[in-house]
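Have a look at the structure below, then the notes.
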Amino acid sequence: MAKKRKHIELQNSEPMKKDESNPQRTKRTLLGWKDKAKVKESDSPVFRNKEKVLVTCSRRINYRYRHLMLNVVSLLPHCKKDNKVESKEGKGATLNELVELKNCSSCLFFECRKQKDLYLWMAKSPNGPSVKFIVNAVHTMEELKLTGNHLNGSRPILTFSTNFDEDPQWKLLKEIITQIFGTPKDHRKVKPYPDHVFVFSIIDDHIWFRNYQISVPHNETDKVDRGGLDKMTLVEVGPRFCLNPIKIFGGSFGGPILYENPFYVSPNQIRALEKKQKAGKYAKKIKAKTRRKMHELSNPLEPNEFTDMWKE
Amino acid sequence: MGVLKKELTSLNKDTLEEDNMGDVNDEASQSELESESEEGEDVMLTEPSKNSIYNSNGLLEKLGDISWPENVEWIHKLSIDISQEQEVDVNDDLARELAFYTQALEGTRQAFEKLQSLGLPFLRPSDYYAEMVKTDTHMVKVKGRLLAEKKNIEEAEERRKAREAKKISKEVQAQKLKERAKQKKEEIESVKKWRKQRQQSGFTGGDKGDEMSLPFEDGKGFERSNKRRPGVAPGDRSGGKARQGGGKGKKGTENKRKSRDYKDSKFGFGGRKGQRKQNTADTTNDLRGISKSSFSGNKKRKR
């Protein structure tokens, strides 16, 4: 399939072509001159993770969500940040084109509506599935209570809770998240030491994200002492957010709906309900008054024997 | 292309539907945790939830499409699965964060063990300096805040301790007063007893002195404690206020000391102004008490 070819480098085809064009000359490669005899074909294609993520947002985005987007950009060294996308109509087409243009394989689109609600789209290009989430409980890295710090561009350790393996939609989400948030090993901006850990866990059908810095006392670079692992501490670094999946689509930013969250209530509906509850207050009060009056009329009190005691 | 357009219109319709639900002006702020308000809605939604699409085959098919090949080494993915032992209540913040923390801790332990077995360097050397994700200025702010918090806590502790100490010291003071009163009473009693005994024994002195060991004859009677009692000497016409600048600052006492010394040398004891004449022949010509740098005079007086 077209998808897989991007990831897997087939070295089989390359030496064949060179043989046809220059049969006499030794092969010149980036690593130096190679004799034809030395060229051997690898047994299996080497897997190269060439994931590139395009990160954009919509216009009229809130300051808090913009900072969240910038934090995410700093967490993923394999991402490309692009300008704001202005699109009312044809949002899917614009974004798909953009992703193709920038030669990226996935996209994170932060869409902010009414300057209040943030929706996050995760999509795999060109015809991969896409997910729409609503984002709650946003805390950015600039908050002074989150005191940790880690190398810019280091690869994270991803931890998932096991309830990601229970249902197919969670499995799909887990795969998408691993590919988007997992930094490729051979990227040019990657630092060699993994010193932070991402936590994705599902509680109450929401995906919670946390980012911690790992601090473990050590002397050498490639092994930890026996007691060192026990003395490991984690300090929270990074942004915090909570994702609630709304829909999973078969195509990128569109396509057949594969999954709908049955418990999702849109924030507009929530706000409308709250207003309705408030709206009936006065009417309810009037009703209660008339009800009381009717009740009093229908059940008259017995005359009190002491009412006339102090009358003249 | 036509198919794509149809899919897009269905998507647009979805979003339009969501917009038309609510009114335009919202004054109610959206709750941070949507789950809180959702819990009230769950009951309402058991009906519409039956209409939601759940295409598990499609999901699994897409999963097969996008996933990496099976034999990919773990080093590319760096992902660990940790099981959550117990159900965590979403609204209990502390338990939830604790669950995340333990998941992360367990995950890193396992990951480090795996990395160690692979033999690659994975721990940062102490001399590796590189750009961090938060700037140095930001970390300085974080440090400042932590220090300020610590200081506040310490101050609160100190204040509490001072309050308690004050309470205790009041009790101790009361105790001491009681003891002193008791002591005084005892002494007076013993004097009375001695007098009575002397009376009874007919005022003979000397031979029977050894029989009685009286508490006030131990020789310690007239000892006084070295504590300075608040009180004023009878001849002090300033009412004790002449020496009160002691607590206000060292400079004040220094100046007062100086003028005290001058006045002492000039007048003797300084405070007993009433007993002496102020304007005599000697004092008119005596300029020791007047210093050029003293500003403690009447400021309105023209100099």
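Taken in sequence, the protein lines are chains H and R. All residue numbers for the first sequence refer to the UniProt record's numbering, where the first residue is 1 and numbers rise by one. All residue numbers for the second sequence refer to the UniProt record's numbering, where the first residue is 1 and numbers rise by one. Ideal Cβ placement from N, Cα and C applies to all residues, glycine included. Quick caveat: nothing in here was measured; it's all calculated off a predicted structure.
- In the structure shown, H/Tyr-259 adopts extended strand secondary structure according to DSSP, grouped into three states.
- In the structure shown, H/His-295 adopts helical secondary structure according to DSSP, grouped into three states.
- Of the residues assessed, H/Ala-123 falls on the buried side of the cut-off, its CB having 16 or more other CB atoms within 10 angstroms.
- Considering only H/Met-232, H/Thr-140, H/Asn-299, H/Lys-132, the residue with the shortest C-alpha distance to H/Ser-74 is H/Thr-140.
- Around the beta carbon of H/Phe-249, 16 or more other beta carbons lie within 10 angstroms, which makes this residue buried.
- Counting C-beta atoms within 10 angstroms of its own C-beta, H/Tyr-264 has 16 or more neighbours from the protein chains shown and is therefore classed as buried.
- The contact set of H/Ser-74 on chain R, defined by CB atoms closer than 8 angstroms, consists of Val-133 in chain order.
- When H/Leu-234, H/Pro-156, H/Asp-117 are compared, the shortest CA-CA separation from H/Tyr-193 is found for H/Pro-156.
- By the Cβ neighbour-count rule, H/Tyr-63 is exposed, with fewer than 16 other Cβ atoms within 10 Å of its own.
- DSSP, reduced to helix, strand and coil, places H/Asp-117 within a strand of the structure shown.
- With at least 16 other beta carbons inside 10 angstroms of its own, H/Thr-159 counts as buried.
- Against R/Lys-77, the close residues of chain H are Thr-178, Gly-182, in the order they occur along the chain (beta-carbon pairs closer than 7 angstroms).
- When CB distances to chain H are screened at a threshold of 7 angstroms, the residues of the segment 48–62 of chain R falling below it are Ser-49, Ser-52, Ile-53, Tyr-54, Asn-55, Ser-56, Gly-58, Leu-59, Leu-60, Lys-62, in chain order.
- Separation of the CB atoms of H/Thr-147 and R/Leu-146 is rounded to 7 angstroms, and the pair is thereby assigned contact status at 8 angstroms.
- Annotation: Cβ neighbours of H/Phe-47 in chain R (cutoff 9 angstroms, chain order): Trp-68, Pro-69, Asn-71, Val-72, Glu-73, His-76.
- Between H/Thr-94 and R/His-138, the alpha-carbon positions lie close to 37 angstroms from each other.
- Residue contact with chain H for R/Ala-148: absent (no Cβ-Cβ distance below 7 angstroms to any residue of chain H).
- H/Tyr-119 is outside the set of residues whose beta carbon lies under 7 angstroms from a beta carbon in chain R.
- The Cβ-Cβ distance between H/Phe-209 and H/Val-138 does not fall below 7 angstroms.
- The Cβ-Cβ distance between R/Ile-66 and H/Gly-128 falls below 7 angstroms.
- When Cβ-Cβ separations below 7 angstroms define contact, R/Ile-82 makes contact with chain H.
- A distance below 8 angstroms between beta-carbons, with the five flanking residues on each side excluded, links R/Ala-111 to the following residues of its chain, in chain order: Leu-78, Ile-80.
- According to DSSP, H/Thr-159 shares a beta bridge with H/Val-199, R/Ile-80.
- Counting only Cβ-Cβ distances below 8 angstroms, R/Lys-141 has contacts in chain H at Leu-144, in chain order.
- Judged by their CB atoms, H/Ser-154 and H/Asp-186 are not nearer to each other than the 7 angstroms cut-off.
- Here R/Leu-59 is near H/Gln-169, since their CB atoms are less than 7 angstroms apart.
- From the listed residues H/Lys-284, H/Pro-267, H/Ser-201, H/Asn-49, the smallest Cα separation to H/Leu-173 is found for H/Ser-201.
- Under the Cβ criterion of 7 angstroms, H/Asn-149 is counted among the residues facing chain R.
- Counting other Cβ atoms within 10 Å of its Cβ, R/Tyr-129 stays below 16 and is therefore classed as exposed.
- For H/Leu-68, no beta strand (DSSP E) encloses it; the enclosing alpha helix (DSSP H) starts and ends at 63–75.
- Annotation for H/Arg-60: Cys-112, Gln-115 place their beta carbon closer than 7 angstroms to its own, counting only its chain and skipping 5 residues before and after.
- Around R/Tyr-262, no beta-carbon contact reaches into chain H at under 8 angstroms, the shortest distance being about 59 angstroms.
- DSSP, read as helix, strand or coil, puts R/Met-132 in strand.
- Inter-segment contact for the segment 82–90 of chain R and the segment 102–109 of chain R is present: three or more beta-carbon pairs are separated by less than 8 angstroms.
- Taking a Cβ-Cβ cut-off of 8 angstroms, R/Leu-177 has no neighbours in chain H, whose nearest Cβ is about 51 angstroms from it.
- Taking a C-beta distance under 7 angstroms as the contact criterion, H/Gln-213 and H/Val-237 qualify as a contact pair.
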